[in-house]
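J.:
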Amino acid sequence: PNTTALTVEAGQRAKLYFETDESNEKSGFSARVSAVCGGILMEPTGTVDTSSIQANVSTGRVVCDWEIIVRSGRTIRFTFDQFNLPKLGEDTCVNNYITFRNGGYKDSPLLGEGKYCGRVVPIVPESSSNRVYISYSAMASAPGVILNYEEVDFACKNEIHLRNRSHNFTISSPNYPQAPSTPHIACTWTVMAPPGESVHLDFVLRFDLKPSSDCSVEYVEVRDGGTELSPLIGQYCGKTPPPIVTLGNRMYIKYFTDADTPNNGFKAVVRIATCGGTFFDQSTVTVLSPKYPNKYPKNMECMWRIVGYSIDYQLIFNVSELNLGDGSNCSTAQDYLEFISVDPISKNMTDSPAPMRLCGTPSILNGTSLVPPSSSNEIYIRFHSGPSGEGRFAITVTGKRQRCLQEISASSGIITSPGYPNPTPRQTSFFCTWSITVPEGRRVSLKMLDFDLEPSVGDSFFDYKLTFYSEMNFMTALASNSSNANEVLDSYSNKMNIHYMDRSISGAHRGFKAQFSSDKPLACGGKIDNQGTVGFSVLGQNTKYYSCEWTHSRDSMSSNETTFSVAVNGTFNTKKFVLCPIFTSMDDSLTIYDSNQFILGQVCENTTAPVVVRNPFPETVIKARKRAGYGRFNKVTPVSMANFTITYKTDPCGGFVHGPQAVITSPGFPGPYPANMDCAWLVKFQSDSKVHVKFESVDLDADCSKDFLQLYNGGTQRKPHLTPPLCGNTVPAELKTQTNLMFLEFHSGATNPSHKGFKITVTQDSSGCGGTLHAAEGEIQSPNYSSGDYPNNTECDWTVVLPPGFHASLSFIDRFSLEVSPD
């Protein structure tokens with residue numbers, strides 16, 4: 001027999017053919033097949049480590065092939081933890097190298113430079129589809145590489161579901177640790193943990209966002225909840241933020257950059273917090289120290305939020321066991337429990353009354369009930385342990401109703417404090433609320449008939465007895481002394497909410513009696529038609545605050561291709577009136593919403609030139625609000641000045657644009673467009689796609705202050721600009737959005753123009769094509785179907801998911817043109 005050994009190196013697949021004829025009989029062959037490295041990787045993240053393989057090889061070569069496959073509609077990003085494939089002499093990546101191919105096959109096109117070697121860590125670009133083929137070849141002496149890959153969501157928007165405490169998820173700005181490949185982008189993540197849990201956020205590796213005093217250019221925004229309207233935890237740039245834990249089971253994270261050359265960005269890990277949490281509307285809640293009944297760990301920081309059924313619910317804490325180490329002085333103790341009060345209106349933690357702190361082992365408390373000093377139905381419990389970790393605790397939270405909650409729908413009436421006119425018993429603590437609604441178009445006028453409350457001993461909210469506000473979370477205060485007994489307080493809407501807080505000490509005060517009516521019309525707000533002007537003025541008046549709301553709805557007979565534009569002009573306190581760069585609060589602002597309550601624009605200060613917001617949606621809501629003062633509630637100052645006008649109109653242009661391809665033109669194109677036009681379009685394509693923009697023609701006035709076209713990288717004009725304002729006749733280069741949404745605005749000036757306007761073609765770009773389809777019917781197409789040939793070496797998978805009992809029918813329409821091949 002021929003004893004010559006033959007070694008064949010293959011990838012993760014091999015096929016062996018044995019062929020014989022009738023002429024000879026031989027002894028045959030024997031072969032051994034073994035797997036050394038390589039394979040198919042299908043997880044969303046993973047690591048290829050050849051250094052450990054190299055360490056076990058003393059002679060010969062290491063040859064490996066991997067195919068990486070992630071979900072359809074996604075792409076793949078690469079980073080190296082180690083890269084050492086030495087060149088030998090003039091070697092140009094012959095002896096030691098790693099090759100990346102932009103597809104799932106060994107002959108797919110090269111990705112980036114394709115073949116990499118040396119000791120300098122290379123930058124490999126993202127793939128253009130959901131598959132990459134990697135070939136590795138190195139001599140036994142080469143140290144090797146450690147390569148990380150991760151699936152990339154093209155839409156730059158994701159929902160993250162944390163299912164258990166061992167589950168974590170990594171998020172990062174696009175293209176991290178390099179700078180985003182596209183400037184002017186916004187990304188959002190919504191993180192959801194199971195009910196009763198909290199979300200923990202840690203920033204890891206390098207945090208690199210442009211520093212500024214107000215983080216207006218680049219920032220990461222974190223909110224305690226699932227939307228952009230949830231309570232703000234913080235906005236961060238410059239320095240690395242601290243670890244963040246939500247009080248609820250959801251966290252909203254937003255990355256924003258409006259820089260032409262963004263910094264490298266950030267990377268963070270989200271997971272379920274190991275202790276703490278939020279409990280809503282539960283009759284009984286048990287708060288246990290971590291690892292109870294065992295001793296709690298050292299150096300722990302936990303926060304629980306307990307919220308009763310309603311605002312008239314008093315929380316009671318039953319101590320089953322309390323062992324917090326050896327501390328006797330709670331102000332210096334390393335292990336302690338702290339009960340922190342909550343402002344019933346703003347819902348923020350407050351230090352008045354002072355938090356109740358427990359420490360040590362006060363056996364007298366075991367088996368007793370505590371009522372921490374708070375007049376709301378909400379409280380925070382903070383637990384801190386030092387370096388010893390010696391104790392444990394168990395507390396059960398229950399509650400009782402104070403029966404002091406009332407909703408009133410009437411044109412007039414009388415309200416009184418509980419027990420009026422009899423004095424409130426000593427050491428009684430309760431919180432009451434009345435919600436008054438009068439007929440539409442009227443406002444609530446309230447007059448005090450009798451007023452006898454416990455005197456205030458401080459200037460905090462909890463020493464402030466009676467407060468009035470015209471809508472939820474927007475309050476103005478009525479001073480707590482008898483000199484205001486005849487004051488009349490008017491709301492700015494047809495609603496008024498009254499909060500009454502009593503922590504009676506003397507038991508010698510009878511409370512209050514008030515009368516409300518609806519004799520006066522609304523001071524501002526109401527329904528507006530297709531064109532006109534509304535205004536509001538409180539010049540020199542003793543007005544503590546105002547809150548106005550105007551609404552517009554498109555006529556059912558009107559075309560869907562219309563734009564409702566709002567121009568705001570005037571005086572608003574004493575500052576410069578501009579579009580707010582960052583949404584933080586609706587106080588002290590004029591905010592414009594669409595029909596889905598998304599913010600289209602927000603105006604914060606004064607202006608001499610109108611600020612215009614254009615809305616293609618069928619409904620528009622305009623809210624103007626001013627809150628007087630931010631300090632203590634009884635030290636608010638009157639609004640110094642407010643005198644603004646809102647001019648609005650409807651133009652027959654704009655609307656919604658759907659894919660997979662559409663053409664957007666200025667009114668009358670290719671003829672001259674009319675003067676005084678304001679148009680807005682929202683382009684919305686299939687999720688996990690991008691909008692490809694091709695400018696066919698641009699012919700506008702050369703002065704951008706007269707006529708302009710503006711494109712935004714997202715669904716509203718609050719998103720980053722895709723381009724500067726376009727004017728003149730220069731045709732810009734083609735571009736793509738970061739997500740499946742794009743917002744366009746067009747404005748023409750007052751003079752009749754002679755220019756023909758613009759024509760734009762928008763096409764759905766499904767780079768990283770394919771996806772999962774749930775609709776009852778729809779269309780799929782190969783990449784670039786409408787605009788040209790599909791790219792080489794591309795593979796797309798679509799999954800159609802229908803309800804049980806249905807089957808799918810597939811029909812090919814229009815042109816069908818695929819390259820012919822033998823197999």
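Numbering (the UniProt record's numbering), first residue to last: 1 to 823.
A virtual CB, placed ideally from N, CA and C, is assigned to each residue, including glycine.
None of these values were measured; they are calculated from a predicted model.
#1: Restricting to Cα atoms, I'd like to know which of S809, A808, P783, R131 is closest to S817.
#2: How far does the beta strand (DSSP E) with Q334 in it extend, from its first residue to its last?
#3: Using 10 angstroms around the beta-carbon of T574, count the other beta-carbons present and answer buried if the total reaches 16, otherwise exposed.
#4: Which stretch, first to last residue, makes up the alpha helix (DSSP H) that contains Q515?
#5: Looking at W189 and I233, is the spacing between their C-beta atoms short of 8 Å?
#6: Just the Cα atoms here: how many angstroms apart are I76 and V70?
#7: Where in the UniProt domain "CUB" (37–152) do unbroken runs of the beta strand (DSSP E), each at least 3 residues long, occur, reported from the N-terminal end onward?
#8: Buried or exposed: where does E126 fall if 16 or more other Cβ atoms within 10 Å of its Cβ makes it buried?
#9: Please confirm if the stretch 729–740 is in contact with the stretch 660–675, defined as three or more CB-CB distances below 8 Å between the two stretches.
#10: Are E221 and K210 touching if we call contact CB-CB under 8 Å?
#11: Leaving out the 5 sequence neighbours to the left and right, which residues in its chain are closer than 6 Å to T665 when beta-carbon positions are compared?
#12: Between L315 and G265, what straight-line distance do the alpha-carbon atoms span, to the nearest angstrom?
#13: Taking C-alpha atoms, which residue in G89, A624, F100, Y255 lies nearest to P48?
#14: Along the chain, where does the beta strand (DSSP E) that runs through I780 open and close?
#15: Would you report the Cα separation of C237 and G118, rounded to the nearest angstrom?
#16: Could you compute how far the alpha carbon of Y176 sits from the alpha carbon of R206?
#17: Assign M42 to buried or exposed, taking buried as 16 or more other Cβ atoms, counted over all protein chains shown, within 10 Å of its Cβ.
#18: Measure the Cβ-Cβ separation of G441 and F516 and say whether it is below 8 Å.
#19: Looking at the strands, I want to know which residues DSSP matches up with T240.
#20: Name the DSSP beta bridge partners of S547, please?
#21: How is the beta strand (DSSP E) around R165 delimited, first residue to last?
#22: What residue from G399, T396, R305, P720 has the CA that sits closest to Y380's CA?
#23: First and last residue of the beta strand (DSSP E) that includes L682?
#24: Pull up the DSSP beta-bridge partners for G532, would you.
#25: Specify the secondary structure class of L590 as computed by DSSP and reduced to three states.
#26: Candidates Y712, T467, R510, P439: which alpha carbon is nearest residue 841's?
#27: If you count every other CB in all the chains shown that lies within 10 Å of the CB of K576, and 16 or more means buried, which is it?
#28: Using 10 angstroms around the beta-carbon of E19, count the other beta-carbons present and answer buried if the total reaches 16, otherwise exposed.
#29: Could you check if L88 is buried or exposed, using at least 16 other CB atoms within 10 Å of its CB as the buried criterion?
#30: Is it right to say I622 is buried, meaning 16 or more other beta carbons lie within 10 angstroms of its own, or is it exposed?
#31: Would you decide whether A750 is buried or exposed? Buried here means 16 or more other CB atoms lie within 10 Å of its CB.
#32: Below 6 Å CB to CB, which residues in the same chain sit around L600 once its five sequence neighbours on both sides are set aside?
#33: What residue from A186, E487, K649 has the CA that sits closest to T620's CA?
#34: State buried or exposed for D814, treating a residue as buried only when at least 16 other CB atoms are found within 10 Å of its CB.
#35: Is it the case that the CB of M303 approaches a heavy atom of the ligand GTP more closely than 7 Å?
#36: According to DSSP, simplified to helix, strand and coil, what is residue 831?
T.: Taking the definition as stated:
#1: P783
#2: Careful: Q334 lies outside any beta strand (DSSP E) and carries neither H nor E.
#3: Below a pLDDT of 50, predicted positions are generally treated as unreliable, and T574, at 39, falls in that range; no measurement from the model is reported.
#4: No alpha helix (DSSP H) contains Q515, which is instead part of the beta strand (DSSP E) from 511–517.
#5: no
#6: 7 Å
#7: 39–41, 45–49, 61–69, 74–84, 97–101, 110–116, 131–139
#8: buried
#9: no
#10: no
#11: K759
#12: 44 Å
#13: Rather than Pro, the amino acid found at residue 48 in this sequence is Val. Comparing Cα positions, the closest option is F100.
#14: Segment: none, I780 is in no beta strand (DSSP E) and carries neither H nor E.
#15: 36 Å
#16: 10 Å
#17: exposed
#18: no
#19: DSSP lists no partner for T240.
#20: R625
#21: R165 -> no beta strand (DSSP E), and no H or E assigned at all.
#22: R305
#23: 678–684
#24: Y648
#25: strand
#26: Absent from the structure is residue 841, since the part of the chain shown begins at 1 and ends at 823.
#27: Reliability of the predicted coordinates at K576 is poor, the pLDDT of 38 falling under 50, and the value obtained from them is presented with this limitation in mind. By the neighbour-count rule (16 or more Cβ atoms within 10 Å), K576 is not buried but exposed.
#28: exposed
#29: exposed
#30: buried
#31: exposed
#32: I592, D594, V613, N615, T716
#33: K649
#34: exposed
#35: With respect to small molecules bound, the structure shown includes none, and the ligand GTP cannot be examined in it.
#36: As displayed, the chain neither begins before 1 nor continues past 823, which places residue 831 out of reach and without an answer.
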